[in-house]
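Remarks on the structure that follows.
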Amino acid sequence: LRRPWLWCEFPNMLQSTRKFAWHLRALAAVSCGRAFTSNAFRPGTLARHPGGSRQLLACPATLAASRRSMFIQTQDTPNPDSLKFLPGVPVLEKGQTMDFPSVSAAQCSPLAKLLFRVEGVRAVFFGGDFVTISKQEDAEWRIIKPEVFAVIMDFFASGLPVVTDAKPNPDTQFNEDDDETVQMIKELLDTRIRPTVQEDGGDIIFMGFDDGVVKLKMQGSCSSCPSSIVTLKNGVQNMLQFYIPEVVSVEQVTDEADKVAEQEFSRLEKQIRQKDEEPPAENKT
Numbered sequence: 001l002r003r004p005w006l007w008c009e010f011p012n013m014l015q016s017t018r019k020f021a022w023h024l025r026a027l028a029a030v031s032c033g034r035a036f037t038s039n040a041f042r043p044g045t046l047a048r049h050p051g052g053s054r055q056l057l058a059c060p061a062t063l064a065a066s067r068r069s070m071f072i073q074t075q076d077t078p079n080p081d082s083l084k085f086l087p088g089v090p091v092l093e094k095g096q097t098m099d100f101p102s103v104s105a106a107q108c109s110p111l112a113k114l115l116f117r118v119e120g121v122r123a124v125f126f127g128g129d130f131v132t133i134s135k136q137e138d139a140e141w142r143i144i145k146p147e148v149f150a151v152i153m154d155f156f157a158s159g160l161p162v163v164t165d166a167k168p169n170p171d172t173q174f175n176e177d178d179d180e181t182v183q184m185i186k187e188l189l190d191t192r193i194r195p196t197v198q199e200d201g202g203d204i205i206f207m208g209f210d211d212g213v214v215k216l217k218m219q220g221s222c223s224s225c226p227s228s229i230v231t232l233k234n235g236v237q238n239m240l241q242f243y244i245p246e247v248v249s250v251e252q253v254t255d256e257a258d259k260v261a262e263q264e265f266s267r268l269e270k271q272i273r274q275k276d277e278e279p280p281a282e283n284k285t
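If you read the sequence shown in UniProt numbering, its first letter stands for residue 1, the second for the next number, and so on.
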């Protein structure tokens, strides 16, 4: 049966807001290359930390009226770990469905990516007028539901498209030979680290994991940023080690094209410096 969202769940919304503020501080620390620590978690698998809400879509004050007017209903399913959310607006075209069994499959949907940032969400499914959320077995609906409500309300108030032409990041797609540690590293990169780096005009690519060392490649504005090493060590490395004890360190790698470009840039910079240091030629009359 359809059940409207009740105001009795407001205390959970307050709890979600507190967790959201915690995560904003964590993301700010990563973006600025600072270490961020908290006693809210115990080291372990990424999926088993109920205290850390992932960042939600920013909602300006001008969208507040739209958020308040949205009336989201929930509907139980035969699976106790799955719940339907009906936002009262079209999600996809009538008769169309989309399945996102993992975060790596959600790159073409901004809404699905945001929902995967909610702690405890295992899978997302879209229908014509509904969103089905499947949670992990040890997660609790009383914690997940307020965050899902907030994500859905903020997203539809923003006017962003539910689906885009974006393709999954090939470096963080799960492979059959990936062990649990590699899968956790890829998930953490996609859900918490990569979005923050992309906001700064760059990207971070997973290159491999060997003997406790995570190998990453910086792209865009981050590739030539003087603080990229600080960001890797104090931001990315600390966050990976916090959730994944198997991670010993993080190293930045470059391919041959990057090395050649860097050498050419250094050579050109040296020539310009030498030219600037040369005394001006005297004019002969």
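For glycine and all other residues, C-beta sits at the position ideal for the given N, C-alpha and C. If you're wondering where the values come from, they're calculated on a predicted model, not measured in any experiment.
Could you pull the start and end residues of the beta strand (DSSP E) that K94 belongs to? Note, K94: premise wrong, no beta strand (DSSP E); not H, not E.
Nearest neighbour of Q136, chosen from F126, E147, R117, V121 [CA to CA]: V121
Just to confirm, is the Cβ distance from F100 to V131 under 8 Å? no
Inspect the beta-carbon positions of G127 and T164 and report whether they are closer than 8 Å. no
Whole angstroms are fine: how far does the CA of V213 sit from the CA of I229? 15 Å
Counting pairs of beta carbons, one from the stretch 103-120 and one from the stretch 147-163, are three or more of them closer than 8 Å? yes
Could you spell out the range, first to last residue, of the beta strand (DSSP E) harbouring F100? 98-100
Between D76 and Y243, what straight-line distance do the alpha-carbon atoms span, to the nearest angstrom? 32 Å
Find the nearest neighbour of D190 within the set F116, K94, L92, judged by alpha-carbon distance. F116
Enumerate in chain order the residues of its own chain whose CB-to-CB distance from A123 is below 6 Å, with the five nearest sequence positions on each side excluded. P101, S134
Quick one: residues in its chain with C-beta nearer than 7 Å to the C-beta of V89, no 5 flanking neighbours on either side, listed in chain order? F156
Classify N238 as buried or exposed, calling it buried when 16 or more other Cβ atoms lie within 10 Å of its own Cβ. buried
Hey, how far is the Cα of F209 from the Cα of A139? 29 Å
Assigned exposure category for D211 - 16 Cβ within 10 Å defines buried: exposed
Under 7 Å Cβ to Cβ from D129, same chain only, skipping five residues before and after it: list those, please. L86, P90, V91
Option in I205, S158, K233 with minimal Cα separation from K186: I205
Ordered along the chain, which non-local residues of its own chain (more than five positions away) have a Cβ less than 6 Å from that of R42? Legend: pLDDT at R42 = 34, less than 50; position of this residue unreliable, value from coordinates given subsequently. Cβ within range, chain order: n/a, list empty.
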